[in-house]
Amino acid sequence: MATAASVALVAGPMTALPAFAQEDGAEQTAPESAEDADTSAPEADAGDEGTADAADTDAGDDDTATGGDDDNAAAPSEDGDDPAAEGEDEASVEGAPVEESASAPFEAGETYEVGSDWPYWGGGSSAQRYTPLDQITPENVGNLERAFVYRTGDMPEGSAEGKYSPEMTPVKYGDDLLMCSAMNILISIDAATGEENWRFDPEVPNEAIPYGASCRGVSLWTDPDKAEGDACATRVIEGTIDARLIAVDAATGEPCEEFGEDGMVDMWEGIGERVPGWYAVTAQPAVVRGVVVTGAQVKDGQAEDAPSGVVRGYDARTGELVWAWDLAAPEEMRDGPPEGEVYTRGTPNMWTAATADEELGYVYLPLGNSAVDYYGSNRSEVENEYATSLVALDATTGEEVWHFQTVRNDVWDYDLGSQATLLDYQGTPAILLPSKQGDIYILDRETGEPLTPVGEITDLPQGEIEPDYVADSQPVSEWHTLRKDPLTERDMWGFTPIDQLWCRIQFRRAEYEGYLTPPSTDPYIQYPGYNGGSDWGSVAIDRDRGLIIANYNDIPNYNYLVPREVADEKGWKSIAQRQDADGGGGGGAEGAGDPQIGAPYAIQVNAGWRSGLTGMPCTNPPYGGIRAIDISTGETVWDQPLGTARRNGPFGIPSMLPIKIGTPNNGGSVVTAGGLTFIGAATDNLFRAIETETGEVLWSDVLPAGGQANPIAYEVDGEQYVLISAGGHHFMETPIGDYIIAYKLPSD
Numbered sequence: 148m149a150t151a152a153s154v155a156l157v158a159g160p161m162t163a164l165p166a167f168a169q170e171d172g173a174e175q176t177a178p179e180s181a182e183d184a185d186t187s188a189p190e191a192d193a194g195d196e197g198t199a200d201a202a203d204t205d206a207g208d209d210d211t212a213t214g215g216d217d218d219n220a221a222a223p224s225e226d227g228d229d230p231a232a233e234g235e236d237e238a239s240v241e242g243a244p245v246e247e248s249a250s251a252p253f254e255a256g257e258t259y260e261v262g263s264d265w266p267y268w269g270g271g272s273s274a275q276r277y278t279p280l281d282q283i284t285p286e287n288v289g290n291l292e293r294a295f296v297y298r299t300g301d302m303p304e305g306s307a308e309g310k311y312s313p314e315m316t317p318v319k320y321g322d323d324l325l326m327c328s329a330m331n332i333l334i335s336i337d338a339a340t341g342e343e344n345w346r347f348d349p350e351v352p353n354e355a356i357p358y359g360a361s362c363r364g365v366s367l368w369t370d371p372d373k374a375e376g377d378a379c380a381t382r383v384i385e386g387t388i389d390a391r392l393i394a395v396d397a398a399t400g401e402p403c404e405e406f407g408e409d410g411m412v413d414m415w416e417g418i419g420e421r422v423p424g425w426y427a428v429t430a431q432p433a434v435v436r437g438v439v440v441t442g443a444q445v446k447d448g449q450a451e452d453a454p455s456g457v458v459r460g461y462d463a464r465t466g467e468l469v470w471a472w473d474l475a476a477p478e479e480m481r482d483g484p485p486e487g488e489v490y491t492r493g494t495p496n497m498w499t500a501a502t503a504d505e506e507l508g509y510v511y512l513p514l515g516n517s518a519v520d521y522y523g524s525n526r527s528e529v530e531n532e533y534a535t536s537l538v539a540l541d542a543t544t545g546e547e548v549w550h551f552q553t554v555r556n557d558v559w560d561y562d563l564g565s566q567a568t569l570l571d572y573q574g575t576p577a578i579l580l581p582s583k584q585g586d587i588y589i590l591d592r593e594t595g596e597p598l599t600p601v602g603e604i605t606d607l608p609q610g611e612i613e614p615d616y617v618a619d620s621q622p623v624s625e626w627h628t629l630r631k632d633p634l635t636e637r638d639m640w641g642f643t644p645i646d647q648l649w650c651r652i653q654f655r656r657a658e659y660e661g662y663l664t665p666p667s668t669d670p671y672i673q674y675p676g677y678n679g680g681s682d683w684g685s686v687a688i689d690r691d692r693g694l695i696i697a698n699y700n701d702i703p704n705y706n707y708l709v710p711r712e713v714a715d716e717k718g719w720k721s722i723a724q725r726q727d728a729d730g731g732g733g734g735g736a737e738g739a740g741d742p743q744i745g746a747p748y749a750i751q752v753n754a755g756w757r758s759g760l761t762g763m764p765c766t767n768p769p770y771g772g773i774r775a776i777d778i779s780t781g782e783t784v785w786d787q788p789l790g791t792a793r794r795n796g797p798f799g800i801p802s803m804l805p806i807k808i809g810t811p812n813n814g815g816s817v818v819t820a821g822g823l824t825f826i827g828a829a830t831d832n833l834f835r836a837i838e839t840e841t842g843e844v845l846w847s848d849v850l851p852a853g854g855q856a857n858p859i860a861y862e863v864d865g866e867q868y869v870l871i872s873a874g875g876h877h878f879m880e881t882p883i884g885d886y887i888i889a890y891k892l893p894s895d
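For the sequence shown, position 412 matches number 559 in the numbering used here, and the numbering has no gaps at all.
Written as structure tokens, this is what we have:
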């Protein structure tokens with residue numbers, strides 16, 4: 148079981164909250180230039196077919212994830228009517244009505260419901276990436292056709308070339324799809340036709356781009372004190388890559404003037420010197436009881452004296468700071484830094500999506516590592532305590548409730564990149580946490596205590612660089628892990644015999660002692676690499692079948708530390724040092740010549756460990772997969788490679804072969820009550836429908852650009868749609884595009 152070092156609890160007041168009522172009356176937790184350009188009918192891909200025997204997935208009522216998202220539900224309105232699914236049953240709060248309040252935090256209220264709508268980035272408030280819609284089934288999915296193709300018009304120009312990775316997932320609310328483009332242009336389109344309703348351009352400059360221009364999504368908030376039709380009664384909220392928080396009217400796109408200054412809040416306040424590209428928001432904020440909670444991406448590997456990883460809560464109505472959580476000075480910085488000071492520099496940040504828990508009033512923060520990833524001896528004790536942890540905060544006060552650490556003294560860049568998912572696990576309100584190293588944990592979301600077995604691996608190698616810092620033991624999930632067995636020389640692969648020989652020589656040259664081999668000035672192998680395991684696409688839960696659907700990467704990195712004097716000779720500079728020379732940001736891979744100023748070593752990372760001869764990976768395929776896991780047992784039900792070789796080949800030349808090799812992937816899936824899992828993510832530019840019970844690919848369509856985004860499902864006028872953003876990804880080397888593509892069955 149977990150040790151005290153794995154879970155930390157902070158005593159705090161617990162608020163008694165009203166229960167939510169189900170139809171059966173039982174109480175439960177609160178609901179929650181493009182290659183292959185083709186905008187015509189989908190094409191079948193026979194090369195993606197595959198079957199697997201499905202295990203018994205009936206987990207039983209106590210063991211399946213429920214999460215509380217009621218079927219076919221829509222967003223709440225003031226009078227309680229369902230604007231998007233007339234006649235549907237909806238959750239109601241027992242007890243006294245919500246009191247009006249002038250400012251956040253507000254009393255607990257109803258959450259938007261998933262069904263005809265997709266009102267959150269993760270679908271419902273529980274972030275399960277599940278829809279109760281069941282019109283599209285394994286029997287008729289082959290008839291899917293494109294309903295519309297919308298183009299945002301946001302394509303890279305000038306210095307933004309080679310730096311686009313939109314990663315965008317819209318929300319659907321009422322009749323509209325609400326989204327952001329790579330450069331944070333807010334857009335509303337008709338959910339049935341793709342016709343544009345409005346757009347708002349915050350005019351983000353190219354110099355603000357960090358690794359890539361990304362906006363994964365937006366959030367919604369309905370003001371309990373406004374009537375339907377009032378300006379900004381429901382607002383769309385986004386964070387931008389130039390570190391602004393923006394709120395606009397969901398109906399018109401006009402800025403909410405009462406929010407900050409003309410609808411905008413400057414998140415650079417309290418951060419320090421403004422260095423474009425170093426501090427950027429790429430994930431949608433979480434909104435809990437009227438408090439907008441957001442962190443920011445701090446560009447990795449630049450310097451120990453980096454912007455703070457502070458997480459802040461803002462009033463959703465006014466944009467005023469409600470609280471700040473600076474993990475190194477939580478009380479001193481609660482109301483912002485004292486005059487003349489800034490939030491603690493270089494601390495672990497939250498670049499990915501938080502999860503809101505309206506019932507408990509908590510927000511769950513997946514934290515990354517400290518500013519310098521591959522050297523830790525200069526870190527403070529508090530950095531070591533919180534890095535690579537899931538932290539639960541009271542969203543009304545910003546006070547910590549508990550935290551659970553997945554890696555101690557992390558020198559592998561194993562940030563927690565996935566949004567955690569709320570579920571009921573064997574009768575306990577729980578939270579499921581995936582990780583880049585592949586371990587999946589289920590925790591009591593009120594206390595942080597593990598509900599599934601957590602073990603300890605000991606006698607780990609500590610290396611010669613920091614033997615007194617690198618931990619000799621680490622927690623691991625004994626319930627389920629996506630991590631495969633350690634690599635051997637026999638796992639080395641090549642497109643040609645010469646390629647394979649080259650990779651075997653590199654394997655023999657490298658330091659490799661299995662999982663968690665510590666950094667070295669000699670080449671060393673990190674497996675899994677920093678893309679996972681699970682990354683920002685997160686996992687999905689089919690609560691009807693009791694399954695977790697997890698796509699993952701299975702590919703190492705090949706790294707080495709670079710002594711400071713050598714890095715200086717190479718001219719490696721931090722983003723702050725070079726901003727005057729080239730405008731700051733950059734689109735290169737994380738760790739590729741990162742200077743780590745302040746540490747005695749820089750870092751060089753070969754992400755995906757490619758052969759220097761052909762550019763092909765040095766390890767055997769598959770390089771990525773998708774897996775179904777039984778929630779009741781943690782056992783694998785099926786596991787299939789995800790992606791074909793059609794766009795992969797030596798020297799960057801596409802082979803066009805439909806061989807299922809399993810490619811690296813970015814982005815997650817949506818699971819439907821109809822028994823299907825829809826996913827893009829892979830680098831072959833295919834959007835797939837997979838039978839959830841078996842893992843068999845039943846349908847696919849060639850996208851006009853990379854599908855590195857999470858898809859959604861929704862309903863309009865009784866017709867079910869599935870939709871994906873085909874924006875491509877510079878790091879994943881897929882074609883860049885600006886496409887939003889929706890599918891449905893032919894109308895009768």
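In this text, a Cβ means the ideal position worked out from N, Cα and C, and glycines have one as well.
With DSSP run on the structure shown, which of helix, strand or coil describes residue i?
| i | result |
| --- | --- |
| W649 | helix |
| Y358 | coil |
| E593 | coil |
| D715 | helix |
| R346 | strand |
| F295 | strand |
| E547 | strand |
| E880 | coil |
| E603 | strand |
| N290 | helix |
| D895 | coil |
| F642 | coil |
| D226 | Here D226 scores only 35 on pLDDT, less than 50, and its place in the model should not be relied on; the value that follows carries that caveat. In this structure, D226 counts as coil in the three-state DSSP scheme. |
| S624 | strand |
| E385 | strand |
| A307 | helix |
Quick check on the burial criterion: 16 or more other C-beta atoms within 10 angstroms. Buried or exposed for residue i?
| i | result |
| --- | --- |
| M763 | buried |
| L833 | buried |
| D480 | At residue 480 the sequence reads Met, which differs from the Asp that was named. Counting Cβ neighbours within 10 Å, M480 comes out buried, since at least 16 surround it. |
| D632 | exposed |
| N700 | buried |
| S894 | exposed |
| P261 | According to the sequence as given, residue 261 is Val; it is not Pro. With 16 or more other Cβ atoms within 10 Å, it is buried. |
| V708 | According to the sequence provided, residue 708 is Leu. The question's Val does not apply to it. Looking at its Cβ environment, which holds 16 or more other Cβ atoms inside 10 Å, L708 is buried. |
So, using beta-carbon positions, are residue i and residue j closer together than 9 Å?
| i | j | result |
| --- | --- | --- |
| I722 | P303 | no |
| I612 | Y748 | yes |
| R692 | G815 | no |
| L333 | P266 | no |
| N704 | G755 | yes |
| A113 | V548 | Residue 113 cannot be examined here, being either before or after the span of the chain that is shown, 148 to 895. |
| V817 | G270 | yes |
| G419 | D520 | no |
| D322 | A338 | yes |
| Y677 | Y662 | no |
| P313 | D301 | yes |
| L291 | A820 | no |
| Y311 | G874 | yes |
Over the uninterrupted alpha helix (DSSP H) stretch that includes residue i, give me the two end residues.
| i | result |
| --- | --- |
| Y896 | Because the chain spans 148 through 895 in this model, residue 896 falls outside it and cannot be assessed. |
| N698 | Looking at the DSSP string, N698 is not in any alpha helix (DSSP H); the run it does join, the beta strand (DSSP E), is L694 to N700. |
| Y533 | E528 to Y533 |
Taking the beta strand (DSSP E) that residue i falls in, what are its first and last residues?
| i | result |
| --- | --- |
| Y659 | No beta strand (DSSP E) contains Y659, which DSSP labels as neither H nor E. |
| V510 | Y509 to P513 |
| Y868 | E866 to A873 |
| N753 | Y748 to A754 |
| E838 | L833 to E838 |
| M411 | M411 to D413 |
Legend entry - Contained alpha helix (DSSP H) runs [length at least 4] in the stretch 312 to 344, N- to C-terminal order: none
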